[in-house]
Amino acid sequence: MDGTLLVSLYVFVLAAFLGYELITKVPPTLHTPLMSGANALSGITLLGAVSLLGVATVAASTVLAVVALALATVNVVGGFLVTDRMLGTFGTKR
Amino acid sequence: MNATVLDGGIGDLVALVSIVLFAVGLKRLARVRTARSGNALLAVGMLLAVVLTIAQTGVVGWPWIAGGLGLGAAGGVVIVLTARATRMPEIVARFNGFGGLASALVALALFWREVVEPAEATAAAALGAVPAGTLALSVVIGGATFAGSLLAELKLRGLLRTVGGVPARAVVMGVLALAALALAGASLFVLEDATWAVATILGLAAVSALVGLLLVAPIGGADMPVVISLLNSLSGLAAAAAGFALGQVLLIIAGTMVGAAGLILTRIMCTSMNRSLVAVLAGGYGAVPAGDAQEYTQVTSSDPEEAAMVLEAAGSVIIVPGYGLAAGRAQHAAAELAGVLSARGVDVRYAIHPVAGRMPGHMNVVLAEADVPYEQLVEMDRINPEFKTTDVAIVVGANDVVNPAANDQPGSPIAGMPILEVEQARRVFVIKRSLSPGYAGIKNELFERDNTVMLYGDAKGVLDQLTSELQGAPV
Numbered sequence: 001m002d003g004t005l006l007v008s009l010y011v012f013v014l015a016a017f018l019g020y021e022l023i024t025k026v027p028p029t030l031h032t033p034l035m036s037g038a039n040a041l042s043g044i045t046l047l048g049a050v051s052l053l054g055v056a057t058v059a060a061s062t063v064l065a066v067v068a069l070a071l072a073t074v075n076v077v078g079g080f081l082v083t084d085r086m087l088g089t090f091g092t093k094r
Numbered sequence: 095m096n097a098t099v100l101d102g103g104i105g106d107l108v109a110l111v112s113i114v115l116f117a118v119g120l121k122r123l124a125r126v127r128t129a130r131s132g133n134a135l136l137a138v139g140m141l142l143a144v145v146l147t148i149a150q151t152g153v154v155g156w157p158w159i160a161g162g163l164g165l166g167a168a169g170g171v172v173i174v175l176t177a178r179a180t181r182m183p184e185i186v187a188r189f190n191g192f193g194g195l196a197s198a199l200v201a202l203a204l205f206w207r208e209v210v211e212p213a214e215a216t217a218a219a220a221l222g223a224v225p226a227g228t229l230a231l232s233v234v235i236g237g238a239t240f241a242g243s244l245l246a247e248l249k250l251r252g253l254l255r256t257v258g259g260v261p262a263r264a265v266v267m268g269v270l271a272l273a274a275l276a277l278a279g280a281s282l283f284v285l286e287d288a289t290w291a292v293a294t295i296l297g298l299a300a301v302s303a304l305v306g307l308l309l310v311a312p313i314g315g316a317d318m319p320v321v322i323s324l325l326n327s328l329s330g331l332a333a334a335a336a337g338f339a340l341g342q343v344l345l346i347i348a349g350t351m352v353g354a355a356g357l358i359l360t361r362i363m364c365t366s367m368n369r370s371l372v373a374v375l376a377g378g379y380g381a382v383p384a385g386d387a388q389e390y391t392q393v394t395s396s397d398p399e400e401a402a403m404v405l406e407a408a409g410s411v412i413i414v415p416g417y418g419l420a421a422g423r424a425q426h427a428a429a430e431l432a433g434v435l436s437a438r439g440v441d442v443r444y445a446i447h448p449v450a451g452r453m454p455g456h457m458n459v460v461l462a463e464a465d466v467p468y469e470q471l472v473e474m475d476r477i478n479p480e481f482k483t484t485d486v487a488i489v490v491g492a493n494d495v496v497n498p499a500a501n502d503q504p505g506s507p508i509a510g511m512p513i514l515e516v517e518q519a520r521r522v523f524v525i526k527r528s529l530s531p532g533y534a535g536i537k538n539e540l541f542e543r544d545n546t547v548m549l550y551g552d553a554k555g556v557l558d559q560l561t562s563e564l565q566g567a568p569v
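Taken in sequence, the protein lines are chains H and P.
The opening residue of the first sequence carries number 1 in the working numbering; numbering runs sequentially from there.
The opening residue of the second sequence carries number 95 in the working numbering; numbering runs sequentially from there.
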């Protein structure tokens with residue numbers, strides 16, 4: 001197991017604890033917005049797509065990455081917008 | 095590529111700022127007063143991360159990057175702006191599916207670039223065993239999330255009824271899991287021939303999608319919120335798996351935080367039903383009691399006119415919404431009735447069961463959309479002691495979550511599930527189309543109680559009639 005992988009593993013375990021601790025007591029009102037906002041965050045995979053597109057040659061992998069990028073961006077942009085719209089109807093302040 | 099974020103310098107610090115924004119954003123998103131700013135912080139963190147990644151990747155592939163980002167952003171904006179407010183839960187399910195599919199496609203793109211196109215070595219040799227394994231995980235989790243979320247959206251839209259028992263579902267799922275393992279092993283570790291590697295990895299994607307469909311197919315009713323939050327968790331884990339495959343720390347962190355958050359929600363939903371995750375995923379409530387136990391013998395029904403007369407004399411009213419309210423788009427009608435009652439000096443509140451509806455917090459979203467004041471929505475634990483002193487409880491399209499059998503009958507399939515104790519109110523009106531059972535498939539004792547009156551009809555229609563009767567009545 002090389003060093004980078006080990007660090008990735010540390011990061012994974014700590015992030016799991018962090019995510020868990022951050023939102024243990026969440027009021028029912030916020031269940032949907034929390035899910036929807038967290039969901040937008042899972043569109044982070046778009047960074048992966050971007051990093052795969054840093055090449056000049058066009059191939060099947062380019063096409064796959066572009067489709068992934070577009071879908072992940074829908075997830076991110078749409079997800080944050082829909083969450084904001086929902087929270088707007090809740091009358092919570094910005 | 096392992097070095098993109100970890101190679102020191104300014105990039106690392108920018109990534110760290112993003113991570114902090116994610117953590118603070120999630121924290122604020124979980125508190126009512128700060129939720130909106132929390133969401134905004136998450137968005138800023140994401141923007142920062144995107145800019146950073148583009149800067150690190152370089153501008154060689156910029157037309158593709160700009161095209162994908164532009165197309166996706168436009169698509170997201172259009173979907174949200176053109177959707178009616180009542181469609182929000184479905185939209186959330188759809189975005190979840192997109193996120194899952196994107197992670198699967200990122201993994202596939204990596205597979206094509208490193209394995210299929212060079213056609214020199216197996217994925218395990220080209221990428222390393224662990225990144226190759228997580229690549230397959232990303233395909234599996236992402237594919238299952240996509241298919242499952244798609245099905246969930248169709249169900250939320252009411253376009254698809256719950257498919258009763260898939261024959262030998264557990265066996266089929268087991269076989270599929272073994273097939274997935276075999277395909278993943280073959281595509282990653284054994285096959286050097288590009289054609290076969292492609293065939294097996296696509297087979298893996300197809301099997302995963304099938305698993306996602308089977309996972310969601312038999313689930314309905316109050317179990318839907320559990321599945322939806324589980325899918326949400328999975329979309330995060332798919333991103334984290336892609337992060338491992340690519341060696342991108344930001345993906346691992348954000349994806350895992352989403353995964354953990356989703357699991358917490360899943361657990362909350364399970365607790366709200368006193369059911370284990372396994373029982374929920376098995377689908378249904380097991381054996382349904384024999385025929386005659388389902389028959390109703392002494393049900394009283396009435397019409398809105400008489401019901402309105404009771405409401406005229408009431409001092410306190412609790413409205414109990416369920417999925418039927420959301421499905422019938424009756425939230426505005428309910429809010430209007432509440433408004434008329436309030437204007438007459440009646441104390442009106444709404445009782446919110448944590449799993450009422452089809453997704454976590456569904457009722458809160460639906461009622462907020464009809465401008466129901468937040469203070470009028472009362473959680474189960476706080477409203478239950480109040481039913482005793484309430485004149486009228488109006489149940490709108492809820493069934494299993496108000497079934498007293500959960501408290502009275504130890505042998506009932508829903509025994510022990512926390513319910514809204516509406517039967518303790520002096521009078522209970524149940525607005526429902528028919529006496530058909532809810533997802534649990536059992537008789538609802540509430541409908542036979544002496545203080546219960548059924549108002550048959552579609553939720554919106556009955557509520558509108560109640561409102562107009564009350565408007566005509568002298569104060």
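Ideal placement from N, C-alpha and C gives every residue a C-beta, glycine not left out.
Just so it is clear, the structure is predicted and the values come from calculations on it, not from any experiment.
* To do: Step through the CB atoms of chain P and report whether any lies within less than 7 Å of the CB of LEU71 of chain H.
  => LEU71 of chain H belongs to the set of residues whose beta carbon lies under 7 Å from a beta carbon in chain P.
* Any beta-carbon of chain H closer than 7 Å to the one on MET403 of chain P? -> No, MET403 of chain P lies away from the interface with chain H (no Cβ there is under 7 Å from its Cβ).
* To do: Pair every Cβ in the stretch 332 to 352 of chain P with every Cβ in the stretch 309 to 317 of chain P, then say whether three or more of these pairs are closer than 8 Å.
  => In short, these stretches do not touch, since the Cβ pair count stays below three.
* **Range of the contiguous beta strand (DSSP E) that encloses ASP441 of chain P** => Looking at the DSSP string, the run of the beta strand (DSSP E) that includes ASP441 of chain P is 441 to 446.
* Would you verify that the beta carbon of GLU214 of chain P is, or is not, closer than 7 Å to some beta carbon of chain H? => At a cut-off of 7 Å between C-beta atoms, GLU214 of chain P does not count as an interface residue with respect to chain H.
* To do: Excluding the 5 residues preceding and the 5 following LEU431 of chain P in the sequence, name in chain order all residues of the same chain whose CB lies nearer than 6 Å to its CB.
  => Closer than 6 Å at the Cβ level, and outside the excluded window around LEU431 of chain P, lie LEU557, LEU560 and THR561.
* Asked: Who are the Cβ neighbours of VAL411 of chain P in its own chain at under 6 Å, not counting the five residues just before and after it?
  -> Same-chain partners within the cutoff: LEU435, VAL440, VAL442 and VAL486.
* By DSSP, does VAL547 of chain P sit in helix, in strand, or in coil? -> The DSSP-derived three-state label of VAL547 of chain P is strand.
* **Helix, strand or coil at LEU471 of chain P according to DSSP, with G and I counted as helix** => LEU471 of chain P: strand per DSSP, three-state reduction.
* Grab me the residues of GLY547 of chain P's own chain with a C-beta within less than 6 Å of its C-beta, minus the 5 sequence neighbours each way, in chain order. => Residue identity differs from the one stated: residue 547 of chain P is Val in this sequence, not Gly. The answer, listed in chain order, is THR394, SER396 and PHE523.
* Count the other C-beta atoms from every protein chain shown that fall within 10 angstroms of the C-beta of ASP494 of chain P, then say buried if there are 16 or more, exposed otherwise. => Classification of ASP494 of chain P: buried, given that the 10 Å Cβ count is 16 or more.
* Return helix, strand or coil for ILE413 of chain P, following the three-state DSSP convention. => ILE413 of chain P: strand per DSSP, three-state reduction.
* Asked: Could you check where the alpha helix (DSSP H) with ARG361 of chain P kicks off and where it finishes?
  -> Per DSSP, ARG361 of chain P belongs to the alpha helix (DSSP H) from 343 to 367.
* **Neighbour-count burial assignment, VAL58 of chain H, 16 or more Cβ in a 10 Å radius** => Exposed: under 16 other Cβ atoms inside 10 Å.
* Asked: Can the beta-carbon of LEU123 of chain P be found less than 7 Å from the beta-carbon of ASN133 of chain P?
  -> Yes, these two residues count as a Cβ contact at 7 Å.
* GLU463 of chain P touches chain H at which residues, Cβ-Cβ below 7 Å? -> The answer, in chain order, is THR89.
* To do: With distances taken Cα to Cα, identify the nearest neighbour of VAL209 of chain P among P:ALA217, P:ALA203 and P:LEU202.
  => Comparing alpha-carbon positions, the option among P:ALA217, P:ALA203 and P:LEU202 lying closest to VAL209 of chain P turns out to be P:ALA217.
* **Other residues of its chain near ASP502 of chain P: CB distance less than 8 Å, five sequence neighbours each side excluded** => Only GLU539 meet the Cβ criterion.
* Asked: Would a check of beta-carbon distances place LEU53 of chain H closer than 7 Å to chain P?
  -> Yes, its Cβ sits closer than 7 Å to a Cβ of chain P.
* **Minimum C-alpha distance to ALA354 of chain P - residue among H:THR29, H:ASN39, H:ALA70 and H:SER8** => With respect to the C-alpha of ALA354 of chain P, the residue from H:THR29, H:ASN39, H:ALA70 and H:SER8 having the closest C-alpha is H:ASN39.
* Asked: If ALA168 of chain P and ILE44 of chain H are in contact, beta carbons under 8 Å, what's the gap, nearest whole angstrom?
  -> The beta carbons of ALA168 of chain P and ILE44 of chain H sit about 20 Å from each other, so the pair does not count as a contact at 8 Å.
* **ALA273 of chain P versus P:GLY433, P:VAL284, P:PRO454 and P:THR294, residue with shortest Cα-Cα distance** => Taking only the C-alpha atoms, the option nearest ALA273 of chain P is P:THR294.
* **Which residues DSSP lists as bridging LYS554 of chain P, in chain order** => As far as DSSP is concerned, LYS554 of chain P takes part in no beta bridge.
* **Neighbour-count burial assignment, LEU52 of chain H, 16 or more Cβ in a 10 Å radius** => Note on LEU52 of chain H: 16 or more other CB atoms within 10 angstroms of its CB, so buried under the neighbour-count rule.
* Asked: With 16 other CB atoms within 10 Å as the buried threshold, where does SER370 of chain P fall?
  -> Exposed, because fewer than 16 other Cβ atoms sit within 10 Å of the Cβ of SER370 of chain P.
* Does the beta carbon of PRO454 of chain P come closer than 7 Å to any beta carbon on chain H? -> Yes - at least one Cβ of chain H is within 7 Å of the one on PRO454 of chain P.
* Measure from the alpha carbon of VAL66 of chain H to the alpha carbon of each residue in P:LEU202, P:LEU175 and P:ILE185, then state which is nearest. => Selection P:LEU202, P:LEU175 and P:ILE185 evaluated against VAL66 of chain H yields P:LEU202 as nearest (Cα-Cα).
* Asked: Does DSSP classify VAL393 of chain P as helix, strand or coil?
  -> Looking at VAL393 of chain P - three-state DSSP - the assignment turns out to be coil, as it is neither helix nor strand.
* Asked: Do three or more CB pairs link the stretch 158 to 167 of chain P to the stretch 69 to 84 of chain H at distances below 8 Å?
  -> Contact holds: three or more Cβ-Cβ distances are below 8 Å.
* Asked: If you draw a straight line from the alpha carbon of VAL224 of chain P to that of ALA339 of chain P, how long is it in whole angstroms?
  -> When rounded, the distance between both Cα atoms is 8 Å.
* Cβ contact check for the stretch 101 to 110 of chain P and the stretch 74 to 92 of chain H: 3 or more pairs under 8 Å -> The stretch 101 to 110 of chain P is not in contact with the stretch 74 to 92 of chain H.
* Is ARG521 of chain P helix, strand or coil by DSSP? -> Here ARG521 of chain P sits in strand by DSSP.
* Asked: Are the beta-carbon atoms belonging to SER36 of chain H and GLY193 of chain P less than 7 Å from one another?
  -> No, they are not a contact pair.
* To do: Give a yes or no on whether 7 Å exceeds the smallest Cβ distance from ASN538 of chain P to chain H.
  => Residue-level contact by beta carbon fails for ASN538 of chain P and chain H, as no gap is shorter than 7 Å.
* **GLN565 of chain P, buried or exposed, once every other Cβ within 10 Å from all chains shown has been counted against 16** => Burial call: exposed.
* **Option nearest ALA15 of chain H by Cα separation, candidates P:LEU331, P:ASP317, P:ARG125 and P:LEU253** => Nearest C-alpha to ALA15 of chain H: P:LEU331.
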